[in-house]
Amino acid sequence: MICADEVRSALESAKGVKSAKVSLEKEEAIVVYDPAVAKEDDLIQAVRNANGMHPYDARVKTTEK
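Residues 2 to 66, numbered by our numbering, are exactly what the sequence shown covers, in order.
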């Protein structure tokens, strides 16, 4: 079974990510990143690739500047 730490680690290893907090219960992640370096698609791909076993339905819910 996948855990929040694996998803958080995948996000934090993405270029430009400063921090990530993941809640599997809420089905959300709060990610602080540099938009000049990381794109939303990069973050989505990092979540989808977490552990390489689970097909996540990753998408950006809201964006704050």
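Note that the Cβ used here is the ideal one computed from N, Cα and C, for glycine as well.
query, result
"Could you please give the first and the last residue of the uninterrupted beta strand (DSSP E) stretch that includes S20?", "V18 to S24"
"Which partner residues of V32 appear in the DSSP bridge assignment?", "A21"
"Given this structure, state the Cα-to-Cα distance separating K62 from V8, to the nearest angstrom.", "17 Å"
"Could you check what DSSP says for V48 in three-state terms: helix, strand or coil?", "helix"
"Evaluate V1 with the Cβ neighbour count: other Cβ atoms within 10 Å of its Cβ, from every protein chain shown; 16 or more gives buried, anything less gives exposed.", "Outside the displayed span of the chain (2 to 66) sits residue 1, for which this structure offers no information."
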